[in-house]
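Step one of this worksheet: look at the structure below.
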Amino acid sequence: MCVGCHGIPGYRTAFPVVYHVPKLGGQHPEYIIAALQAYKNGDRSHPSMRAIAASLSEQDMADLAAYYGGAQ
90 MCVGCHGIPG YRTAFPVVYH VPKLGGQHPE YIIAALQAYK NGDRSHPSMR
140 AIAASLSEQD MADLAAYYGG AQ
């Protein structure tokens, strides 16, 4: 699911505004977990990410962070 947007070098999206989508591979796992928690609790407001994060458990977030945190 994540790689569809976050795995494309230089990818930009147009929803809700045009912006650069950050690459997840190689990010610190703690950062990935904190970002997902912030989307889930509403501290970050991107509509697509809020919807995705809302469906994730704490274990899902930890698993995603471990996977993408080790990927380059």
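Residue numbers for the sequence shown follow this note's numbering, beginning at 90 and rising by one. Ideal Cβ placement from N, Cα and C applies to all residues, glycine included. Source: prediction; values computed, not measured.
Give a yes or no on whether the C-beta atoms belonging to Val110 and Tyr120 are separated by under 8 Å.
-> Locating residue 110 in the sequence shown gives position 21, where the first residue counts as 1. Locating residue 120 in the sequence shown gives position 31, where the first residue counts as 1. In this structure, Tyr120 does not lie closer than 8 Å to Val110 by Cβ.
Supposed contact pair Tyr157 and Leu113 - C-beta distance, whole angstroms, cut 8 Å = Translated into positions along the sequence shown, residue 113 becomes position 24. Translated into positions along the sequence shown, residue 157 becomes position 68. Right, the Cβ-Cβ distance comes to about 4 Å (below 8 Å), so this counts as a contact.
Leaving out the 5 sequence neighbours to the left and right, which residues in its chain are closer than 7 Å to Ala151 when beta-carbon positions are compared?
-> The residue you call residue 151 lines up with position 62 of the sequence shown. Exclusion of the five residues before and after Ala151 leaves Ile122 as the residues of its chain whose Cβ lies within less than 7 Å of its Cβ.
Nearest-angstrom Cα separation, counted from Tyr128 out to Ala140 = For the purposes of this step, residue 140 is identified with residue 51 of the sequence shown, where counting begins at 1. For the purposes of this step, residue 128 is identified with residue 39 of the sequence shown, where counting begins at 1. Near 8 Å, if we compare the C-alpha coordinates of Tyr128 and Ala140.
Kindly identify the DSSP beta-bridge partner or partners of His109.
-> Along the sequence shown, one-based indexing puts residue 109 at 20. DSSP lists Arg101 as partners of His109.
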